[in-house]
Structures are given as structure tokens and as C-alpha cells.
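The structure appears below as C-alpha cells.
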Amino acid sequence: MDAMAAIKQTFFQECEEQLGELEIGLLLIQDGDSDPETVNAVFRAVHSIKGGAGAFNLDELVHFAHVFESALDHLRAGRLVASGDVLKIMLRAADMLADVVRAARDGGSTDVTRRDALAAELRALDPDAASDDFVGGDKESSADDSDSFEPVQICFNDFEDGSQNESPPSGNLFNIRFSPKPDLYAKANETALLLRELSHLGAMEVTCDVSRLPMLDELDPEGSYLSWTIALRTDRDEAAIREVFEFVEWDCELDVALGGVAAAREDAALDDLIEKMQASVEAELAAPRAPPGATQSAAAGAPGSPVQASSNSAAVKADSGKSSPATIRVDLDRVDRLINLVGELVINQAMLTQQMLEAGLARGSGVANGLDELEQLTREIQDSVMAIRAQPVKSVFQRMPRLVREVAAMTGKSVRLTTEGENTEVDKTVIERLADPLTHMIRNAIDHGLESPERRAAEGKPEEGLVHLSALHRSGRIVIEIADDGAGIDRSRVKSLAASKGLIAADAPLSDEEIDNLIFLPGFSTASTVSDISGRGVGMDVVRRSIQALGGRISIRSKPRQGSTFTMSLPLTLAVLDGMVVTVAGETLVVPLTAIIETLQPKSAAVHGFGGDTRVIVIRDQFVPLIDVGQELDFRSGIADPCKSVVLLVESEGHIHSALLVDAILGQRQVVIKSLEANYQHVHGIAAATILGDGRVALILDVDAVVTGARAAPPAFEQFCAAEG
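So that you can map any letter, position 180 of the sequence shown is 784 in the working numbering, and since no number is skipped, the others follow by simple counting.
Structure follows, in C-alpha cells:
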């Protein structure tokens, strides 16, 4: 990849960030945020996209962003009121801008008709123009208007700035010379906008040089003949001034110089400081010598001394550095390679520990202590590397408002999306695979969950339906919930539809929870017609498979006429996990630590049989189903003796408690996850594999699959599960 391609790739990455900030800002304004900085942030986002696009000659993107920027400038200047209709147009324009950015990035095309229609709507927001005067962005002229033309005198030296205070700010006086080239205007940049942005830095006087302006018959419409001289008094530095021109610096001649009264004041202050330093040196040479330590201490402690001033200056610089930490962009492949190497380091560290134990070295020996320190360092390195990959779910959540707007428009429903916990961090690989399940679930919530505005009004609900999307950390996992205030699941209809499709027997005795989970069966759909939203028999079953492929689980809570809540519980990372190493029928397994509530040695009085091989255990006066892991995974045919085994109390999907029976616990350790499906094939009850310290492969238990398989067994077992739940 050459340098220009790398810069262009960085530009599109920054565009995604700017688009996210744009949508967040517009939604805040729509919710009533009146902070001027919010409007400024929205304007800067579009301005940055336009400026970068101009550098790469992305004309379509430049022109649409320019129209959008102009409308936002009216909003920023207070000439346009942020009404609901205005914000709807701007949110659709933000969606269109995102489409144009992605088309420019991927080499595709956009809907030109839709783009031009939106551009016309944005132009019509200009308070100084009548919307019916615009056709393709240009005012129509007629024969009746041609005779009424009157010339208007324009003064290029005047610049209106409503943000100026009556008393100009103190600070440095900068002399700025700005001469645009024709390319600046060709890329849809405007001198007026640049000068207005510059005026926000302080008080300024603008003088326009028209000496190069030719006669009318010699004028080139695409030429550039004007230049400006600006005297700006500001507390900001030169870098802040140049930042205003950062997207046009190749398309203009720009000179920024410190001058005027402030510069003279600085020169006088510098001369005064030199005189004081010379006097101090002469006094030091004339005074008797003091011990070195005393001289140094006195100099450091003297108020206003050069040493103290230097120290204070350094402290200020350090504080300013802390407020804006430096960041770098790193190719994800490099981070992945680093994580793989750290994973191998974890495995090798475990092998060294295993070899030390086999050699019979004492725990207090020097080698053992060194290995303990290595284990701690390895864990810290692992955590630090994983933190590099950790990203807030905000990047996925930001895509959902547009989805909600589109699905709401397609269904004719009024929907409001609220989000919570956008800054909850999770591994990037998990985030990348969250988009599809979330898309399916939000579509489902709007299409199936929320009622029509008319029905909601008839039931005494607000016509606007609510969808709430939230994320939080819980017990070493990330929990994402999608809740709606709709009609809830119609269980009788769901059961009859499943029976009509042959998915269940018509007379099957099912609990409410089991009926709710029927919507996850392949081919199940409650949609009466096939549409672009749902009804193709593909949807929630894809969601469950996607979540399970991530090592997660999904559950449903629903109340008639009050709504439904879908809860996804996912691991924070797909690279490592903390697990408990156990043995079952001579096999070594790893049970994820986040699923284990407690471990215990059962007593014979606490274990009860119930029909055939079904057994339960009493834990704190509650009956909990007892599952023999060895029997469930076909490691053995006989029944293990609970009194000679160890019980792991676990929590599975739906917050249901179960007791897993294993032979023994070998210890707790962090293991590196290796995909079993990618290297072998899917195995029931097994989520993945890992390599132990002795080099052997150990299987990582899929707790949810084992519990679900056991619960699908005899009816007596189901009765106890239902009673326990």
C-alpha cells in the first residue's frame, strides 16, 4: 500500500468516527439539547468530511457535504430553528452522507434521485430563500424578474460576526494573509465560512485586496482574484489558527505572523528579563560563596526566581499533556498476531509450571518463585494486550438509530430508541459479530413487538413505541438487553403456529418459557406476509446460532400487553478465559469460571432419586437438578456415585441453576481458547478446546448445551426444573 492509499484509508476511518459523532449530535438536538457546542460539533463533523474529501477529489461527497454543511451553518448561526421536521431532514441527510462516504470508499454508487431530493430539501432550509424557488439547487429566473434586477454594492472588508463581545479579548495580535487558489472554490469551500470560523478565535479586522480583479470581459468565472488580510487578536496560539485552514492549506497561500502591540510587549518583557538575569549574575559573582546545597536550595525557593519559573512551566506542560493523551492507529492484524503470541506465552508458562511440579521442586525454591513471578507478569501482559483490543459497544449501537428510522418508516410505526451503557467495553471480535444479531432483534422488536399507533392509542399507550438497548458488565461477561413496550408474546398464537408448521406436537405440554423459546426454531415466523423486514423464516434462529457461536446465551422475558425483553450474555473476549480444570471419567475438561456459582462435596442425605436415573440435590432447602457430565457426554454408561464426586453449582441460560457432577477438581487457571469447529467439527456439549501445561488438549465445556440436553430428557426431570425455576 502506497503512502496516499494509506492516508486515504485513514481518512475513511475518521469519516466513520465523524459520522457517529454527527448522528449522536443530531439525536441530542432532537431530544432538546440546546448547548451551542453540540451544534458546533455536528457542523465540524460534516466540515471535516467535506475537507478531507476535497483533498482526494471525491466530488460527489464534497458537493453533498457542502449542501449539508450550509444547512447546519444556518442552524449554528441561529437563522434556522431546530424543529422536529428540520431534524428529520437532517437525520435522513446524515444517513445519505454515510451512504455517499461508503460508496466513495468501496467504489460503489448511491441512489442519485434520493441524494438530489435530500440536497434540495437541505437547500430549502435556507431561511433567505423560498423552497419553491429551487430546482436542482438553482433559483429559477423568469422574464418578469429580469427587468427588476438592481445592482447591489458589496463591501468585501466588512465581516459580520455575531459572536464578538463588546470588549475585545486580550492576547496576541496575529497578521494573517490568505489568498485562495481556484481549487479551493472547485472543492466547494467558501471563504466566508473560513473567516467566520476564524472569528470564533477572537476579535478581528478583515481587509479584502481587490487589486488583482480584472475587468468583467477578462474575468474567468472559475478563477480566484481576491485575497484577504486579517488582524486577529486572540488568546489562542498559531496552531489553532492554522487548524481553521487545515483542509484548504494545499489550495491557498497562507501566511500567519505574530506582530503588533502584543509582539512589542513580548520583546520588551524579554529585554527586561535579560536585564534582571544579568543583574542577578553580577550580584552572585560579587557575593560571598555559600555551600553548594544552600545556594541551590535558595535559588529554587526564591519567589519569581528563574529556577522556580522553569519548574512551574514544566508542571503546566505536564498537566496539559495529561488532558489530551496521545493515540496511534494500529493495524488490527498486528494486534491479532501479538495476542496469538501472548497466548503461546501463556501455554509455555503453564508447561514450565507443570514440568516444575513433575520434577518435584519445592514451592519455595528459587525456580518456583521465579515461575510465580513469570505467571503474574504473563497475566498482566495478557490483560494489557486484551485491553488494546477492547472497544466500547458504542460503535455498534451507533448503527441502530438509522435502522430504527428505516424500519419504522417501512412499518408505519412511530418508534423512539434509547440506549444505555454505550461505553461498555468488549473485545473487538465480539463487537464485529454483534451487528447482525442486534439488527435481527431490533427489526423483530419493531415489526412484531410494537403495535401500530392506532392500536397503542386504543389501549391507552403513547402512540410512539419505545425500544431500549442497553449493555453492562456482569460476572465477567457482557450482557446486552433489547426491550420494547409492545404487546408481548402471544403464546397461544405462537404455539398454534409452531404446531401448524410441524415444529411441535399439537398436544405438547409446554411451559410459558418453552413456548417463548419456540420463536428461535428454524423456519418459525409469526409474520403473515413476506416482506423486506421479516416473514422469510430466517431471523431469530440465526440470532441464537450467532450468539451460541460466540459462546453466549440468549433468554426471553415477556409479559402480555407490557412488552418483551431479550437478554444476550456473551464472553468479554474470544481469546482467553478463566476456567476450572476438572476430570470426568479419565478425561480432562475446563469449565468456564463465570458459569460456576460454588463447588461442594455432596452428602448422601442431600441426593434424591426421582424415577429412573433422574436425581436432584438439595442445596439450601432448594431442589436442584443433578447432571452427570460424564454420562451426558457419553464418557461412561454407568452412573457416578455423587458422594465420591464433586458438584459444581452453575447458572445457565434463563438464570436456571443446575448441579454438574464431576470426578475431581484439578485447579483453576487461565486458558487460551482454540476453535474446535475450525480444526475438527462441532461436538455436542463442547464449546472449544485448549492446550494444558503438559501439552495435552483439554475440552472446554459448553455449560448451556449440557444443561439444555439434560433438561430435554425425562418428564420428571422437567418437573423439578420447573419447580426450581
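Where a beta carbon is used, it is the ideal one built from N, C-alpha and C, also for glycine.
Would you grab the beta carbon distance between residue i and residue j for me? Rounded to a whole angstrom, and I think it's under 8 angstroms.
| i | j | result |
| --- | --- | --- |
| Glu-809 | Ala-835 | 5 angstroms |
| Ala-1075 | Ile-1086 | That pair is no contact at about 10 angstroms. |
| Val-705 | Leu-665 | 6 angstroms |
| Leu-830 | Leu-817 | 7 angstroms |
| Val-1311 | Ser-1262 | 5 angstroms |
| Leu-1253 | Ile-1201 | 5 angstroms |
| Ala-994 | Glu-1029 | 4 angstroms |
Using DSSP with H/G/I as helix, E/B as strand and the rest coil, what is residue i?
| i | result |
| --- | --- |
| His-1044 | helix |
| Arg-837 | strand |
| Arg-683 | coil |
| Lys-1105 | coil |
| Ser-1168 | strand |
| Ile-1123 | helix |
| Glu-1026 | coil |
| Val-1034 | helix |
| Asn-776 | strand |
| His-804 | coil |
| Glu-621 | helix |
| Leu-965 | coil |
| Val-852 | coil |
| Leu-823 | coil |
| Val-1185 | strand |
| Ala-1087 | strand |
| Glu-847 | helix |
| Gln-1205 | coil |
| Lys-791 | coil |
| Phe-558 | The displayed coordinates of the chain run from 605 to 1329. Any statement about residue 558 would go beyond what the structure contains. |
| Arg-781 | strand |
| Met-608 | helix |
| Leu-862 | strand |
| Asp-699 | helix |
| Asp-710 | helix |
| Leu-676 | helix |
Quick check on residue i: buried or exposed, where buried means 16 or more other Cβ atoms within 10 Å of its Cβ?
| i | result |
| --- | --- |
| Val-716 | exposed |
| Cys-1247 | exposed |
| Gly-1156 | buried |
| His-1052 | buried |
| Gly-656 | buried |
| Val-934 | exposed |
| Glu-673 | buried |
| Ile-1243 | exposed |
| His-1077 | exposed |
| Asp-839 | exposed |
| His-1044 | buried |
| Leu-1054 | buried |
| Asp-635 | exposed |
| Asn-776 | buried |
| Leu-1021 | buried |
| Asn-661 | exposed |
| Gly-1106 | exposed |
| Asn-1048 | buried |
| Ala-734 | Its pLDDT being 46, under 50, Ala-734 is placed unreliably by the model, and nothing is read from it. |
| Pro-1113 | exposed |
| Asp-689 | exposed |
| Gly-1299 | exposed |
| Gln-980 | exposed |
| Asp-855 | buried |
| His-651 | buried |
| His-670 | buried |
| Thr-795 | buried |
| Val-1301 | exposed |
| Ser-1150 | buried |
| Leu-823 | exposed |
| Ala-721 | exposed |
| Ala-922 | Confidence is the limiting factor: at Ala-922 the pLDDT is only 38, short of 50, which leaves the residue's position unreliable and the question unanswerable from this model. |
Is residue i close to chain D? Criterion is C-beta to C-beta, closer than 8 angstroms.
| i | result |
| --- | --- |
| Thr-838 | Protein chain content of the structure displayed is limited to a single chain, and chain D is not contained in it. |
For the ligand MG, I want to know if residue i counts as a neighbour, meaning its beta carbon is within less than 7 angstroms of at least one of the ligand's heavy atoms.
| i | result |
| --- | --- |
| Gly-688 | Within the structure as shown, the ligand MG is missing, as the structure has no ligands at all. |
Length at least 4, wholly inside the region 1219–1300: the alpha helix (DSSP H) runs in chain order
1233–1236 and 1280–1283
Is there contact here, the region 1294–1301 with the region 950–962, by at least three beta-carbon pairs under 8 angstroms?
yes
Validate contact between the region 616–626 and the region 645–663 using beta carbons, cut 8 angstroms, 3 pairs
yes
Do the region 1086–1095 and the region 1165–1178 meet, that is, are 3 or more Cβ pairs less than 8 angstroms apart?
yes
Under 8 angstroms, with one C-beta from each stretch per pair, do the region 1029–1043 and the region 994–1003 reach the 3-pair mark?
yes
Say whether the region 1181–1190 touches the region 1270–1284, bearing in mind that this needs 3 or more beta-carbon pairs closer than 8 angstroms, one atom from each stretch.
yes
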